[in-house]
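Read the structure below first, then the notes.
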Amino acid sequence: KLQNGDGGKESGEKKKAAKSRFMFNIADGGFTELHSLWQNEERAATVTKKTNEIWHRRHDYWLLAGIIQHGYARWQDIQNDVKFAILNEPFKGEMNRGNFLEIKNKFLARRFKLLEQALVIEEQLRRAAYLNMSEDPSHPSMALNTRFSEVECLAESHQHLSKESMSGNKPANAVLHKVLKQLEELLSDMKADVTRLPATIARIPPVAVRLQMSERNILSRLATSSVFFPPPDVTAVTETLRFTSKNQPPASP
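First residue of the sequence shown? That's 1 in the UniProt record's numbering, and the numbers climb one at a time after it.
Pasting the structure below:
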């Protein structure tokens, strides 16, 4: 039951909040700084309640929309379009500066470059998932990753031994010395792996070759709406440097 209409008001506010929720994402697999920036920017915008004045994810969406409508690097046309007025909000405090337009245009160009990079990686991950590519467990870099995990696990699970050893616990001191010996051996193995890694990576074909898709092709694909793919399984394909195909790749989708 609703009492004094309060429940109805609260329900209405929840519906309004749910309806106005903004959703936009680029699944770059964490290969760019985009998501870290979004997280920090959105936190600042939420805390200060300046969702228009502080640049964040919403502004990036409208920047891409403006580029789609007006073209690449047409920054002034985008800024003058009333539909994209939100893009001007973060720069209102800089209006009195002599190089105001230069600052604004440089920021937009730099921001778009980051978005473009993230979009390219998203398309590469999608392509890799389509070609059924995955990490090669026998690759030397995977051995390095495994050893690092072992070092991390060993150090964390035995960190209490240090205090116990310092307090005069002899059994703990004996175990601590064994653990330190294991860590020393693992670090020695990792050092050897790192020494061999540059030469190994140099022999790996470029990502564009393995995906059979150049960056130019990716950008062309992004610019057309006639080709659609399901979202990439970023959890299954997480390391572009180690992409390797299990089977002969099929023809381009």
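Beta carbons are placed, not taken as given, at the ideal position from N, Cα and C, and that holds for glycine.
Leaving aside the five residues before and after residue i along the sequence, list all residues of the same chain whose C-beta is less than 6 Å from its C-beta, in chain order.
i       : result
Pro-206 : none
Leu-108 : Trp-75
Gly-168 : none
Arg-147 : Leu-186, Asp-189, Met-190
Ala-155 : none
Thr-200 : Pro-140
Could you give the DSSP three-state label for residue i: helix, strand or coil?
i           : result
Ser-225     : Model confidence at Ser-225 stands at a pLDDT of 47, short of 50, so the residue's coordinates are unreliable and nothing is read from them.
residue 258 : Summary: the structure shown does not reach residue 258, with the chain confined to residues 1 through 253, and so no result is reported for it.
Ser-220     : helix
Met-133     : strand
Pro-232     : Only weak support exists for where Pro-232 lies, its pLDDT of 44 falling under 50; the value from the coordinates is given anyway. If DSSP states are grouped into helix, strand and coil, Pro-232 belongs with coil.
His-56      : coil
Gln-159     : coil
Leu-241     : Its pLDDT being 32, under 50, Leu-241 is placed unreliably by the model, and nothing is read from it.
Thr-51      : coil
His-70      : helix
Gly-93      : helix
Ala-27      : coil
residue 283 : It is not possible to answer for residue 283, since the shown part of the chain is limited to 1 through 253.
Asn-105     : helix
Asn-88      : helix
Asn-40      : helix
Asn-145     : helix
Ser-138     : coil
My assumption, with CB atoms under 8 Å, is that residue i sits in contact with residue j. Please give the rounded CB distance.
i       : j       : result
Arg-57  : Phe-24  : 6 Å
Ser-162 : Leu-176 : 7 Å
His-70  : Asp-77  : 4 Å
Leu-131 : Gly-29  : Rounded, the Cβ-Cβ distance is 16 Å, inconsistent with contact.
Arg-127 : Met-213 : 6 Å
Looking at C-alpha atoms only, which residue of the options is the closest neighbour of residue i?
i       : options                           : result
His-158 : Ala-172, Leu-114, Ser-167, Gln-79 : Ala-172
Arg-221 : Ile-54, Glu-122, Asn-80           : Glu-122
Glu-152 : Ala-128, Ser-138, Leu-183         : Leu-183
Lys-113 : Arg-210, Leu-161, Leu-34          : Leu-34
Asn-52  : Leu-37, Lys-170, Gln-76, Phe-91   : Phe-91
Asn-80  : Leu-63, Asp-136, Leu-154          : Leu-63
Ala-129 : Ile-204, Gln-39, Thr-200, Leu-211 : Leu-211
Val-120 : Lys-181, Ala-208, Arg-21          : Ala-208
Lys-106 : Pro-137, Ser-134, Met-166, Ala-73 : Ala-73
Ile-204 : Asp-136, Arg-110, Phe-22, Ile-68  : Asp-136
Could you name the residues of the same chain whose beta carbon sits closer than 7 Å to that of residue i, not counting the 5 residues immediately before and after it, in chain order?
i       : result
His-160 : none
Glu-150 : Leu-186
Ala-118 : Ile-26, Asp-28, Thr-32, Leu-34
Glu-215 : Val-120, Ala-208
Counting only the same chain and skipping the five closest in sequence on each side, list residues whose C-beta sits under 8 Å from that of residue i.
i       : result
Leu-197 : Pro-140, Ser-141, Leu-144
Ile-86  : Asn-52, Arg-58, His-59, Trp-62
His-115 : Here the sequence assigns Leu to residue 115, which means His is not the residue at that position. Around Leu-115: Ile-26, Leu-34, Asp-60, Leu-63, Leu-64.
Ile-54  : Glu-41, Ala-44, Ala-45, Thr-48, Pro-90
In terms of residues, what are the limits of the alpha helix (DSSP H) holding residue i?
i       : result
Lys-191 : 170-202
Leu-211 : 207-211
Asn-80  : 75-80
Residue i: beta carbon under 7 Å from a heavy atom of the ligand SAM?
i      : result
Gln-69 : No copy of the ligand SAM occurs in the structure displayed, which carries no ligand at all.
Using a C-beta cutoff of 8 Å, does residue i count as contacting chain D?
i      : result
Ile-54 : Given the protein chain composition of this structure (a single chain), no chain D is represented.
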